[in-house]
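What follows is a single structure, written as structure tokens, with notes after it.
Have a look at this one:
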């Protein structure tokens, strides 16, 4: 069960003009499970993506990168195809051929070129992609295409997720209505490095290719790249931003009127999707925000945030609601900041509007009491705040606790 | 229960001339538990240590470093004092004062200077050290001093350990008998960075200070620095090597006859102690050796070993005996080697004398079958072998699996 997260109702997910989505059960790994999603984009859409830095990145990630690099000037990307069940990662040359065959099959059915298709896969690593089943499922997915298919698609891309993840905003910027809607999936193997397992966000605004490239990186850096469940960067992480241009708003330059406002909305949607992944982290019972300030660089703040978020000892203490908070100091000390002066560091914990100072001057704060710590640790949402006392930069990381169920899910998955 | 490890019997732990050990129950955190250990060294002993790189390193680690740096020329180190229950880490100035007060108390009772004492603490972080209880316990520990006290000391330094850890060798080098005996503790918060939670090895050979300095680093690098349980580098990691010179063997220069043989014995003892920690890792049901070869540097091989050893997904798959081996590829891809060519990498798994090739050419090996994988994953000891195919360097890492009991132990510990 996710921590304080529920999938928005279908009517809360605004359709994005120029985007249609269709899903089907293609029997890729299990029968009677929606596992194939097709997304059709209007001509003229711009698309940008960020992908995993894992060296064993999946075949579809290779193909996405190539298609995004090449297709923009020749009609652009017109379709996305997403399968669950098999990740098509660690599959060598055969995996690349399978991803390309999937694109070719989509292209043939939609009368576009194969390099106008972006393929995505998620599931078990090192098993061959059953291309024939995908091909056989495509006609049904195509028939199912509809503008209000976001809710179905959010469900069809799930793997170990316990809830479908979607977010949507409709705002007026400079007198013009802009819609931004997105979906994501992911619960384990989550420590995005550029993007997360799968995230798709579309807007009906028109955004130039170079601007979309910048925006997708910035949005990923403020959302998916701040989330971790278990520190394992997936082989298939992909975050794609789509601008169909079918709406009234146009952004042709970074300084364009309303751009900052638009950017804020896109980042808000991406962040909601990213946080939903931590809230639905495998076995999660707590959602934890870690805010690090006072660093010399954003990178070192993030390193401290991740050191806390990845520590199994910290995560199990959160699970137990045990204020064994020395473990957080231990984790901070391991973040790789060689000249960190622990005497200048401060650590707070907060929940439900209450905040307590836990540590300062290299040790436990004089005002801190076990009772305060225990009270703050109880609720399902907890904020950790660290001031490194050495600069003006900051960063946030979102994560979840580490429970019996994480082990159960990952010892059982696949078997 | 540890994986294939049992504490040696008391008579298997050879006394080291020049070393006496005494333990007592000082009531530091719990009543009726041996929690205080005193080790007395003969005059003329040389001592060298390596300590945690955690920036929140414990007060006793600061004091050890200072005493080791200063005392060698003025009579040398003459006593070690070790308490469990409270780590005296994250305790600021008060913690330093407590560690110094402990040394002063030992010094007064043993008629030596305070800077001839090395203090060690292990237990809960960020709680004050109850110095008065330690002081009160010292007379009993001193009365208990005996040459064959290694077995008792191995028990008295345990925290979440399920077995006491000790190793001993008596060999003849160049016609002279050399004894090497050591103890260690640690089961969680284990990813030593210079050394592990607590390891003490003594020899009756005479070894010059500079040579012992080199040897302790080399031995740590080949033993404690190759072990991980949960990736959390402790605040208190300390590995100390003692040479009393009370035996017949003398090593005054690196080229001295028998030096290499002696070094091999010391490293073997350190490695046995280090592996015992992984075998007794919190909740461990499997012991896993990860051997990485074909790297450009030893460091990148170690990074790959740790990426595998720290992945919760890999560790839970080992717990389940589930050959979900794509997770190992995913972990290797996250090791931070930016120009790793996955097509050149090979992955094998082995247990009980059988080895199977799992992956090559960027994907699953053609000869691999699920049945082979499942058979290899079953036993309690498993070897993972990776050839990076890009150089001639190698490294080994030892770890354990990740079970329900890890969560249980760490959610319950302290409460």
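Protein chains in written order, with the numbering used here: chain D, 1 to 415; chain U, 1001 to 1415.
Glycine residues also receive a C-beta, built at the ideal position from the N, C-alpha and C atoms.
- One Cα belongs to residue 1354 of chain U, the other to residue 1368 of chain U, and the distance between them is close to 13 Å.
- Distance between residue 339 of chain D and residue 332 of chain D, taken at the CA atoms: about 12 Å.
- In this chain, the beta strand (DSSP E) harbouring residue 396 of chain D covers 393-400.
- Note on geometry: alpha-carbon atoms of residue 1117 of chain U and residue 1021 of chain U lie some 14 Å from one another.
- Contact annotation: residue 1054 of chain U and residue 1235 of chain U have beta-carbon atoms nearer than 8 Å.
- Among the residues facing chain D, residue 1337 of chain U is included, as its CB has a counterpart in that chain under 8 Å away.
- For residue 1235 of chain U, there is no enclosing beta strand (DSSP E), as DSSP marks it with neither H nor E.
- Cβ-Cβ distances below 8 Å link residue 357 of chain D to 346, 347, 348, 365, 367, 368 in the same chain, with the five nearest sequence neighbours on each side left out; the list follows chain order.
- Neighbourhood of residue 1402 of chain U in chain D, by CB distance below 7 Å: 407, in chain order.
- Non-local beta-carbon contacts of residue 306 of chain D in its own chain, meaning distances under 7 Å to residues more than five positions away in sequence, involve 228, 397 in chain order.
- With respect to chain U, the C-beta atom of residue 158 of chain D has no partner C-beta closer than 8 Å.
- Taking the Cα positions, residue 95 of chain D is about 27 Å away from residue 164 of chain D.
- Counting along the chain, residue 36 of chain D sits inside the beta strand (DSSP E) bounded by residues 36-41.
- Of the candidates U:1376, U:1295, U:1363, U:1400, the residue whose Cα lies closest to the Cα of residue 1390 of chain U is U:1295.
- Using a CB distance cut-off of 8 Å, residue 56 of chain D counts as an interface residue toward chain U.
- Per the coordinates, the alpha-carbon of residue 246 of chain D lies some 14 Å from the alpha-carbon of residue 14 of chain D.
- Against chain D, the CB of residue 1225 of chain U has no partner CB under 8 Å away; the residue lies outside that interface.
- By the beta-carbon neighbour count (other beta carbons within 10 angstroms, threshold 16), residue 275 of chain D is buried.
- For residue 1273 of chain U against residue 1392 of chain U, the beta-carbon gap comes to about 29 Å, at or over 8 Å, which does not count as contact.
- Taken through DSSP and simplified to helix, strand or coil, residue 345 of chain D comes out as coil.
- For residue 384 of chain D, the uninterrupted beta strand (DSSP E) run begins and ends at 381-387, by DSSP.
- When beta bridges are read from the DSSP output, residue 134 of chain D appears opposite no residue.
- Under the Cβ criterion (8 Å, minimum of three pairs), the stretch 24-42 of chain D counts as touching the stretch 127-143 of chain D.
- No Cβ of chain U is located within less than 8 Å of the beta carbon of residue 377 of chain D.
- Residue environment for residue 1004 of chain U: exposed (fewer than 16 other C-beta atoms within 10 angstroms of its C-beta).
- Contact between residue 1088 of chain U and residue 1036 of chain U is ruled out by a C-beta separation of about 13 Å, above the 8 Å threshold.
- Cβ neighbours of residue 361 of chain D within its own chain (closer than 8 Å, five residues either side excluded): 343.
- About 6 Å separates the CB atoms of residue 1159 of chain U and residue 1122 of chain U; that is less than 8 Å, so the two are in contact.
- Under the three-state reduction of DSSP, residue 1285 of chain U is assigned to coil, being neither helix nor strand.
- In this structure, residue 1048 of chain U lies away from residue 1018 of chain U, with their beta-carbon atoms at least 8 Å apart.
- In this structure residue 1151 of chain U is not in contact with residue 1002 of chain U, their Cβ atoms being roughly 16 Å apart against a cut-off of 8 Å.
- Under the three-pair Cβ rule at 8 Å, the stretch 1309-1320 of chain U does not count as touching the stretch 65-79 of chain D.
- Note on residue 211 of chain D: 16 or more other CB atoms within 10 angstroms of its CB, so buried under the neighbour-count rule.
- Taking all protein chains shown into account, residue 1378 of chain U has fewer than 16 neighbouring C-beta atoms within 10 Å of its C-beta and is therefore exposed.
- For residue 225 of chain D, the three-state secondary structure derived from DSSP is helix.
- If you compare the alpha carbons of U:1283, U:1181, U:1261, U:1287 with that of residue 1241 of chain U, the shortest gap goes to U:1181.
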